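Numbering-wise, the numbering used here comes out as the position in the sequence shown, counting from 1, plus 1274. Ideal placement from N, C-alpha and C gives every residue a C-beta, glycine not left out. Just so we're clear, the structure is a prediction, and the values are computed from it rather than from any experiment. Read the structure below first, then the notes.
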Amino acid sequence: MITLEHYVSLYLSLDKRIHRKLEVSLHGISEVLFCTSRNCKLTIQKWEREGWVKWSPGRGRGNKSTLTFLKNPVNLLMDESRRLVKKGKLEAAQNLISEYSKEFPGLKEDFADWIETLFGYRAESKNRDVLRLKYGKQPFSPLDPTLASLRSECHILKHVCDTLIFYNEESKQFESRLAFHWEHNEAGDQWIFYIRKGIKFHDGSRLTSRDIQYTFQRFMLAEENPYRWMLQDLQEAVIMGEHSIKLHLKKPNHLLLHLLSDEHLSIVRKSEQKEVYWDKLIGTGPFRLVRNDGSMLIMDANESYFRERPFLDSVEFWNVSEDREGRTPVKTEMEFGYYRNKEKKDDNRKRVNRIEKNVQFLSLNGRRNGPLKDPLLRRAMKAIADPSLLVAELGEFRQQSAAFFLRDEENSLEVDITDLLLRSSYNGEELLLYTFQDRDHVEDTTWLKQRCMAYGVSIKTVYLPAEELLRRDTMAEADIIHDSATVTEQEELSFLQLILAENSPIWHHLSDELREGLLAEIDFLKSLASQDERMKRLFIIEEKLLETCQLLPLYKNLSELESEEGIQQALINSQGWIDFYRIWFKRN
1275 MITLEHYVSL YLSLDKRIHR KLEVSLHGIS EVLFCTSRNC KLTIQKWERE GWVKWSPGRG
1335 RGNKSTLTFL KNPVNLLMDE SRRLVKKGKL EAAQNLISEY SKEFPGLKED FADWIETLFG
1395 YRAESKNRDV LRLKYGKQPF SPLDPTLASL RSECHILKHV CDTLIFYNEE SKQFESRLAF
1455 HWEHNEAGDQ WIFYIRKGIK FHDGSRLTSR DIQYTFQRFM LAEENPYRWM LQDLQEAVIM
1515 GEHSIKLHLK KPNHLLLHLL SDEHLSIVRK SEQKEVYWDK LIGTGPFRLV RNDGSMLIMD
1575 ANESYFRERP FLDSVEFWNV SEDREGRTPV KTEMEFGYYR NKEKKDDNRK RVNRIEKNVQ
1635 FLSLNGRRNG PLKDPLLRRA MKAIADPSLL VAELGEFRQQ SAAFFLRDEE NSLEVDITDL
1695 LLRSSYNGEE LLLYTFQDRD HVEDTTWLKQ RCMAYGVSIK TVYLPAEELL RRDTMAEADI
1755 IHDSATVTEQ EELSFLQLIL AENSPIWHHL SDELREGLLA EIDFLKSLAS QDERMKRLFI
1815 IEEKLLETCQ LLPLYKNLSE LESEEGIQQA LINSQGWIDF YRIWFKRN
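Structure (structure tokens):
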């Protein structure tokens, strides 16, 4: 690498042309390369052996040496970057390209074009099927089920780990997973789960009821776990045998099966160590995690998966930044995510699209002693952040305006924004609007800021990485947070997670009075055996949040998947992700 960097440095300092004989001195070259004359000679000899230069040393006093560059440094930089990528050093390759992108216009573009060709389905070797996807957002955090907050992290958890039971989104029924049978007493406060025999973790150790007990105990005791509310009704988990466990509840909770099927309660191996390194999470799932760092996440098929081995041999996520705005994208075997370039679709490719159930929203801080404690200002903000207008003006993947989280009904009311602001106590104070650094969040909040300015409302936007934005103190200090609510087919669990999870801004923005009332409603809801009755209570809770303008739903995204004809079972779920367990490739 040093030899290459020296070559590029010398090329840039001299004539910047190849196949042209240049008169040089050894002393002059050593000054450019910041090395001794001896090391300079050794470097030139290496270049000659590689065929990069032709060198003729000057003979006699006062005679100059000659040097001819034979290799274009752009080609050498591309070759080195390709070599680094093939060795799995994606970040190093990207850094190398970035370092010289100013000196060589087009280098970054050429590298991006080459990288694009690596994505999609690949037969890396005989009978080895690899699905490689680019992930342009921030790298995956160390994967701990108790801490995973982003949908991407949760989706990976579902492939690396298993839960006691599984909720089938298509049939809307609970199915066996690690537990093959379960039963409960008449009161519904004692449950017994029977565990399959012979299930192995990815390290070869066998799953027992001790691992399940450990998972639940760890979940309840982890101080940083924002989802502890999920097991707040669990009194204790008692081992009955090697493959059976009894859960004693403090009171009946008819949401228990929903909770136990959630990825945050993924079963992990019991560890005697205090420190568990979650970048190497060990689960029982269809894929095992083999790499998770700043540049790549790689999952390989679990050859001994107790259900059925995945069809794919490996799934790779490469953290590649999107820096190609306005350019025709290079078509790969599979493209996945929000589709921005509809005019460039290829009719020879399969396309599947789906409006996500997830809802983009604003959370207004009614807890902080600031302007938004005034309900008139909150009502004005609701009217300013008009979802239909936002979708109409920004368009692209913003497909459907949202008035609710649990329903697709419209709810447009004409209000006089100016009148509301005049009657409010707002006096021009600056409101802090926090959101993520992703492009869609930046676009939304820029639009909202301009709308607010038109009505005399001052907004300061702050863009933060997820791990910083979702900190308790950060959420508490913001007047407004722009976020996205994960809504799955398990609507009850999704909506309660939105309210109760401590990494959700809503929990930190609720006033004491509103929080107390909602907790009482939720406590009653869990005692109801009928799902229809529980949904009625959830609608009441949703109405309360919307009436007080604490929560402003905005819109739902359209996710689209493009793939070649050979890729089978590539389907988008309600969160806009694909199930890697089902995908297979039909070879010609």
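Residue environment, residue i, which counts as buried when at least 16 other CB atoms sit within 10 Å
| i | result |
| --- | --- |
| Thr1602 | Below a pLDDT of 50, predicted positions are generally treated as unreliable, and Thr1602, at 40, falls in that range; no measurement from the model is reported. |
| Thr1489 | buried |
| Glu1532 | Sequence inspection shows His at residue 1532; the Glu mentioned does not correspond to that position. Classification for His1532: buried. |
| Met1514 | exposed |
| Gln1506 | exposed |
| Gly1325 | exposed |
| Ser1330 | exposed |
| Pro1661 | buried |
| Gly1600 | For Gly1600, the predicted structure reports a pLDDT of 40, less than 50, and the residue's modelled location is therefore unreliable. The matter cannot be settled from this model. |
| Phe1591 | buried |
| Glu1684 | exposed |
| Val1689 | exposed |
| Thr1310 | exposed |
| Lys1863 | Nothing can be reported for residue 1863: it is not among the residues displayed for the chain, which extend from 1275 to 1862. |
| Lys1618 | Annotation note: pLDDT 48 at Lys1618 (below 50); position unreliable, no value reported. |
| Asp1786 | exposed |
| Gly1640 | buried |
| Ile1852 | buried |
| His1756 | buried |
| Asn1576 | buried |
| His1280 | buried |
| Thr1420 | buried |
| Phe1610 | Residue confidence for Phe1610 is low, a pLDDT of 46 falling below 50, so the modelled location carries little weight and cannot support an answer. |
| Glu1630 | buried |
| Ser1355 | buried |
| Asp1485 | buried |
| Gln1724 | exposed |
Short Cβ contact (8 Å threshold) for residue i with residue j
| i | j | result |
| --- | --- | --- |
| Val1736 | Leu1706 | yes |
| Ala1728 | Pro1827 | no |
| Ile1439 | Gln1487 | no |
| Arg1565 | Ile1572 | yes |
| Lys1338 | Ser1299 | yes |
| Thr1437 | Ser1535 | yes |
| Met1475 | Gly1557 | According to the sequence as given, residue 1475 is Phe; it is not Met. Yes. |
| Leu1529 | Glu1766 | yes |
| Asp1574 | Asp1587 | yes |
| Gly1559 | Val1434 | yes |
| Cys1726 | Ile1658 | yes |
| Ile1469 | His1517 | yes |
| Phe1561 | Phe1854 | yes |
| Gly1702 | Gly1669 | no |
| Ala1654 | Ser1698 | yes |
| Ser1483 | Arg1543 | no |
| Arg1746 | His1715 | no |
| Leu1417 | Leu1555 | yes |
| Asp1463 | Lys1361 | no |
Residue nearest to residue i in terms of C-alpha spacing, selected from the options
| i | options | result |
| --- | --- | --- |
| Ile1773 | Pro1500, Leu1350, Ser1588 | Pro1500 |
| Leu1286 | Phe1343, His1301, Gln1805, Asp1477 | Phe1343 |
| Trp1465 | Ser1450, Val1512, Leu1521 | Leu1521 |
| Ser1426 | Ile1371, Phe1414, Glu1807, Asp1403 | Phe1414 |
| Asn1346 | His1301, Arg1543, Ser1445, Arg1294 | Arg1294 |
| Lys1363 | Ala1422, Asn1593, Leu1555, Arg1562 | Asn1593 |
| Trp1388 | Asp1403, Ala1461, Met1352 | Met1352 |
| Ala1740 | Thr1719, Phe1710, Thr1762, Ala1752 | Phe1710 |
| Val1665 | Asp1718, Ala1366, Arg1713 | Asp1718 |
| Glu1795 | Ser1778, Ile1780, Leu1770 | Leu1770 |
| Ser1637 | Asn1777, Leu1694, Asn1369, Lys1525 | Asn1777 |
| Glu1816 | Arg1789, Arg1357, Thr1748 | Arg1789 |
| Val1359 | Asn1401, Glu1377, Ser1569, Asp1477 | Ser1569 |
Whole-angstrom C-beta distance between residue j and residue i, which should lie under 8 Å
| i | j | result |
| --- | --- | --- |
| Leu1812 | Leu1799 | 7 Å |
| Ile1430 | Leu1452 | No, Ile1430 and Leu1452 are not in contact; Cβ-Cβ is about 18 Å, not under 8 Å. |
| Asn1632 | Thr1760 | 6 Å |
| Leu1832 | Phe1671 | 5 Å |
| Tyr1708 | Leu1743 | 6 Å |
Proximity test, Cβ basis, 8 Å: residue i and chain D
| i | result |
| --- | --- |
| Arg1323 | Here chain D cannot be found, since the structure has a single protein chain. |
Check: residue i C-beta below 7 Å from any heavy atom of the ligand COA
| i | result |
| --- | --- |
| Arg1323 | Inclusion of the ligand COA in the displayed structure is not the case, the ligand content being empty and no account of it being possible. |
Review point. Whole beta strand (DSSP E) runs in the stretch 1466–1538 with 3 or more residues, listed along the chain?
Key: 1508–1515, 1518–1523
Check your understanding: Which runs of the alpha helix (DSSP H) spanning at least 4 residues fall entirely within the stretch 1356–1431, listed in chain order?
Key -> 1364–1374, 1381–1390
Exercise for review: Write down every uninterrupted run of the alpha helix (DSSP H) in the stretch 1296–1341 whose length is 4 residues or greater and which is fully enclosed by it, in chain order.
Suggested key: 1300–1307, 1311–1324
**Study point:** Entirely enclosed alpha helix (DSSP H) segments - the stretch 1744–1775, minimum 4 residues
**Key:** 1746–1751, 1765–1774
**Study point:** Contiguous alpha helix (DSSP H) assignments of at least 4 residues, all confined to the stretch 1624–1689
**Key:** 1649–1658, 1661–1668
Check your understanding: Can you give, in chain order, each stretch of the alpha helix (DSSP H) that sits fully within the stretch 1790–1840 and has at least 4 residues?
Key -> 1805–1821
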